[in-house]
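Student:
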Amino acid sequence: GENVEQHPSTLSVQEGDSAVIKCTYSDSASNYFPWYKQELGKGPQLIIDIRSNVGEKKDQRIAVTLNKTAKHFSLHITETQPEDSAVYFCAAPSGSARQLTFGSGTQLTVLP
Amino acid sequence: DSGVTQTPKHLITATGQRVTLRCSPRSGDLSVYWYQQSLDQGLQFLIQYYNGEERAKGNILERFSAQQFPDLHSELNLSSLELGDSALYFCASSAGQMEEKLFFGSGTQLSVL
Chain A
570 GENVEQHPST LSVQEGDSAV IKCTYSDSAS NYFPWYKQEL GKGPQLIIDI
620 RSNVGEKKDQ RIAVTLNKTA KHFSLHITET QPEDSAVYFC AAPSGSARQL
670 TFGSGTQLTV LP
Chain B
1071 DSGVTQTPKH LITATGQRVT LRCSPRSGDL SVYWYQQSLD QGLQFLIQYY
1121 NGEERAKGNI LERFSAQQFP DLHSELNLSS LELGDSALYF CASSAGQMEE
1171 KLFFGSGTQL SVL
């Protein structure tokens, strides 16, 4: 099945700095790559996603880049704010039913 | 608010018992997914239903079962509970069957004592 590896597991940045989280996947048939943000006590919430026909997608302060050849995709958050502090998960489809397999998560802490 | 409703929010029970977790998907969504989240295993896919039919199965134990009813709500039944079943159980829904946006509920925290 699909193996999605996510790094780093924890990340601390100063407010205003950028944060980058990286994921690699193994299933070359994967063509949909979402990122989810999970705040304490809540369920994961989709923040951005990208399909394999584009290499980059941006939505205000967040962006996702995809390198299909290398099978990795990254989440970029610029001008970080304390409310960006959360656990971030990447995911990729796997199996015959193409259900999402999630990475192990990154705890992002934005220090004021 | 994702529009996905899960009940109850918290559940405390004893080993050997049986519990039922309930999920109402977003209005119009036909797929329901169940995920288990524990500290050491991350988000693990359990099972997916689409329009009342089982569509995909993940790492779901034989002691666990699920179903989706005609009104599209879903229930996850956990039986012969063990200490290791303590986890957050999330339900998610999507409009179609695959490779698309999932909307998660706020989860049910299950504690098996």
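Line order of the protein sequences matches chains A and B.
Counting from 570, one number per residue, gives the positions in the first sequence under my numbering.
Counting from 1071, one number per residue, gives the positions in the second sequence under my numbering.
Note that the Cβ used here is the ideal one computed from N, Cα and C, for glycine as well.
Residues in the same chain with beta-carbon distance under 6 Å from residue 656(A), minus the five sequence neighbours each way, listed in chain order, please.
Tutor: 607, 674, 676
Student: Tell me, to the nearest whole angstrom, how far the beta carbon of residue 1120(B) is from that of residue 1101(B); I am working on the premise that it is less than 8 Å.
Tutor: 5 Å
Student: In the DSSP output, which residue or residues are listed as bridge partners for residue 1092(B)?
Tutor: Residue 1092(B) is bridged by DSSP to 1077(B), 1145(B).
Student: Assuming residue 1092(B) contacts residue 1143(B) (C-beta within less than 8 Å), just tell me the rounded distance between them.
Tutor: Their Cβ separation, rounded to whole angstroms, is 7 Å, which keeps residue 1092(B) and residue 1143(B) in contact under 8 Å.
Student: So who's on the other strand from residue 634(A), going by DSSP bridges?
Tutor: 625(A), 643(A)
Student: Between the beta-carbon of residue 1098(B) and the beta-carbon of residue 1162(B), is there less than 9 Å?
Tutor: Residue 1098(B) is not a Cβ neighbour of residue 1162(B), given a cutoff of 9 Å.
Student: Is any beta-carbon of chain A found at less than 9 Å from that of residue 1170(B)?
Tutor: yes
Student: Spell out the partners DSSP gives residue 677(A) in its beta bridges.
Tutor: 580(A), 655(A)
Student: Which residue from 1183(B), 1106(B), 1122(B) puts its Cα closest to that of residue 1128(B)?
Tutor: Answer by Cα proximity: 1106(B).
Student: Return helix, strand or coil for residue 1154(B), following the three-state DSSP convention.
Tutor: helix
Student: Give me the DSSP bridge partner(s) of residue 588(A).
Tutor: 646(A)
Student: Does any residue of chain B have a CB that is nearer than 9 Å to the CB of residue 658(A)?
Tutor: yes
Student: Give me the Cα-Cα distance between residue 1180(B) and residue 1072(B), rounded to the nearest whole angstrom.
Tutor: 21 Å
Student: Across the stretch 588-597 of chain A and the stretch 1074-1087 of chain B, are there enough close Cβ pairs to call them in contact, namely three or more that are closer than 8 Å?
Tutor: no
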